[in-house]
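Using my numbering, you'd call the opening residue of the sequence shown number 1 and step up by one each time. Glycine is no exception: its CB is placed at the ideal position from the N, C-alpha and C atoms. Here's the structure we're looking at; comments come further down.
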Amino acid sequence: MIRVAIVEDNEADAQNLALHMEAWRRENEKEMLSCTVYSDAVKFLEQGGAAVDIVFMDIEMPYMNGMDAALEFRKHNQDAILIFATRATKYAVRGYSVDAIGYLVKPISRRAFSDTFEKALRLHRERTKRRTLVLKVKDGMKRISADRILYIESSSHQLEVVTETETFEIWGSLDKMREQLPDSFVACHRGYIVNLEYVDSVGKGGLCIVGKPGLLIPVSRQKRQEFMEALTRYYSQTMRG
1 MIRVAIVEDN
11 EADAQNLALH
21 MEAWRRENEK
31 EMLSCTVYSD
41 AVKFLEQGGA
51 AVDIVFMDIE
61 MPYMNGMDAA
71 LEFRKHNQDA
81 ILIFATRATK
91 YAVRGYSVDA
101 IGYLVKPISR
111 RAFSDTFEKA
121 LRLHRERTKR
131 RTLVLKVKDG
141 MKRISADRIL
151 YIESSSHQLE
161 VVTETETFEI
171 WGSLDKMREQ
181 LPDSFVACHR
191 GYIVNLEYVD
201 SVGKGGLCIV
211 GKPGLLIPVS
221 RQKRQEFMEA
231 LTRYYSQTMR
241 G
């Protein structure tokens, strides 16, 4: 699920962005999106700033302007994609200091929204793929890039984090681990999370992982439909680039 925030005090401008978002979502049904509108930057920072993936931020707002809000936002979220919405481009230079990917000039057309949003989605996928985890292993700490992980298996509160060349044993919850991982990691069974990037094939007996010949990971009846839908979405996104 990709979480989008619209931070906009003007109701008509917020509705315009929300309508563009809904139209884009109808045309791209395979994308899983949630969208929340915040009427000012203070509410956004207090209620949703830490968990969002893509932000459309108005600049000229009461209580706190968009530039100051973006500076505060970056203290807690370095990975989210930030896009400014404005009627004036005089702030363009300052946008680089908060890693904004661009500006949408109001009134925002559907084409301009779609082009910018699709760019944001591509960047989001690249950044989440490179996400780094810190694992508490027996002899200390281990940093590992998420895109190296093939799958994770859970047994009696112990997790096995499996890459092509190594297996790391850690204590923890599979659900808590899933919260730290990119959207390409999906549960196929109550005891397994797999990285869709490495799924080679899926059959009645389970799924095969690239780089692990002979291994067959179970796919439970309860998880099969959700898993196959996620795999189809992932293939579709990959083919679109």
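When DSSP states are grouped into helix, strand and coil, M57 belongs to the strand group. By the Cβ-count criterion, S154 is buried, with 16 or more other Cβ atoms from all chains shown falling within 10 Å of its own Cβ.
Per DSSP, the unbroken alpha helix (DSSP H) holding G66 starts and ends at G66 to R74. Per DSSP, the unbroken beta strand (DSSP E) holding R3 starts and ends at I2 to V7. A distance below 8 Å separates the beta carbons of I6 and A18.
Straight-line spacing of the CA atoms in I217 and E29 works out to 28 Å. For N195, the uninterrupted beta strand (DSSP E) segment begins and ends at Y192 to N195.
Within the stretch 196-222, the beta strand (DSSP E) runs of at least 3 residues that lie entirely inside it are, in chain order, 199-203 and 206-209. Residue environment analysis places A51 among the exposed positions, since fewer than 16 neighbouring C-beta atoms fall within 10 angstroms of its C-beta. In the structure shown, the three-state DSSP call for V52 is coil.
According to DSSP, C35 shares a beta bridge with V4. Relative to R221, the option among W24, G203 and L215 whose CA is nearest is G203. With contacts defined as CB atoms closer than 8 Å, S34 and V4 qualify as a contacting pair. Under the DSSP assignment, A85 falls outside any alpha helix (DSSP H), being part of the beta strand (DSSP E) whose first and last residues are I81 to T86. The residues Y38, in chain order, have a CB closer than 8 Å to that of Q47 in the same chain once the five nearest residues on each side in sequence are set aside. When C-alpha distances from L150 are compared across I209, R87, F117 and S173, the shortest belongs to I209. Its Cα nearest to that of H20, the residue T116 stands out among R127, G205, T116 and K136. Linking H76 to S156 through their CA atoms gives a straight-line distance of about 33 Å.
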